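S.K.: Just so you know, my numbering puts 1058 at position 33 of the sequence shown, and the rest follows in order with no gaps. Here a beta-carbon is modelled for each residue, glycine too, at the ideal position from N, C-alpha and C. Computed from a predicted structure; not experimentally measured. Handing you this structure, nothing more for now.
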Amino acid sequence: MAKKGSLREFQAHLAKRLAGASEQSAAGLLGIQSGTDYWLLNLSDSGEIIPLTPLTGVPLTKPWFVGIINIRGNLYAVADFSAFQGKEATPQNTSSRLLLIGTRHGSNAALLVTRMLGLRNMDDLRPATADPDAAIWATDAYTDNEGRRWKMLNVRQLLADENFMDIGV
């Protein structure tokens, strides 16, 4: 039989483990693929990752605004991240994912992305020359050991971008 302990000891142990986990994840990044581009997001800015389910289209919106979705009673506005950047639309298949990005910043926004690439460590990346024409929410760039170019997505600045927030045609 398992050793019994007090609830207070359990809570203290759990709080200590959670604090250690948040310190470890603060250094981590989430890697995603949008079209042919590789992107990084701070874990603190990334929300839930949801498998793609049917979206409800919204008339009179820009082509990159793919619709809305109900996640546990909350409506999220879904933008095709690749199409928003003027590139090819993201195929809606079993690899596609919805990344809920706005909840932390007071916005129910989600990005439709090609696929998730998992956690990345900043120690494995080297700063790369930034694209002078990059949007303000995508100014930092890195390369990894395999020579892939990664762009850092600043979620707060993306959500403040007037072009991103203006979905109407």
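Could you tell me which of S1069, Y1101, R1097 sits nearest to L1137, measuring between CA atoms?
M.R.: Walking along the sequence shown from the start, residue 1137 turns up at place 112. Of S1069, Y1101, R1097, the residue nearest in Cα terms is Y1101.
S.K.: Closest to A1114 by CA distance: which of T1061, G1172, D1186 is it?
M.R.: As a working mapping, residue 1114 is identified with position 89 in the sequence shown. For A1114, the nearest C-alpha among the options comes from T1061.
S.K.: Can you give me the Cβ contacts of M1190 inside the same chain, cut-off strictly under 8 Å, excluding the 5 residues immediately before and after it?
M.R.: In the sequence shown, residue 1190 corresponds to position 165, counting from 1. Excluding sequence neighbours, M1190 sits near L1184.
S.K.: Nearest CA to the CA of A1134: which residue from A1104, T1119, T1081, T1078?
M.R.: Position 109 of the sequence shown, counting from 1, holds the residue named residue 1134. For A1134, the nearest C-alpha among the options comes from A1104.
S.K.: When the distance is taken between beta carbons, is T1139 closer than 8 Å to S1069?
M.R.: As a first step, residue 1069 is located in the sequence shown; it is residue number 44 there, counting from the start. As a first step, residue 1139 is located in the sequence shown; it is residue number 114 there, counting from the start. No; because the gap between Cβ atoms is not below 8 Å, this pair is not in contact.
S.K.: Mark F1109 as exposed unless 16 or more other C-beta atoms lie within 10 angstroms of its C-beta, in which case mark it buried.
M.R.: Reading the sequence shown from its first residue, position 84 is the one you call residue 1109. F1109 should be labelled buried.
S.K.: V1083 and I1126 look like a contact to me (Cβ under 8 Å); what is the Cβ gap, rounded to whole Å?
M.R.: Numbered from 1 along the sequence shown, position 58 holds the residue referred to as residue 1083. Numbered from 1 along the sequence shown, position 101 holds the residue referred to as residue 1126. Not quite, the Cβ-Cβ distance comes to about 18 Å (not below 8 Å), so this is no contact.
S.K.: Which of the three DSSP states, helix, strand or coil, is assigned to I1074?
M.R.: Here residue 1074 refers to the residue found at position 49 when the sequence shown is read from its first residue. Correct three-state label for I1074: strand.
S.K.: Helix, strand or coil for L1137, going by three-state DSSP, please let me know.
M.R.: Numbered from its first residue, the sequence shown carries residue 1137 at position 112. Strand.
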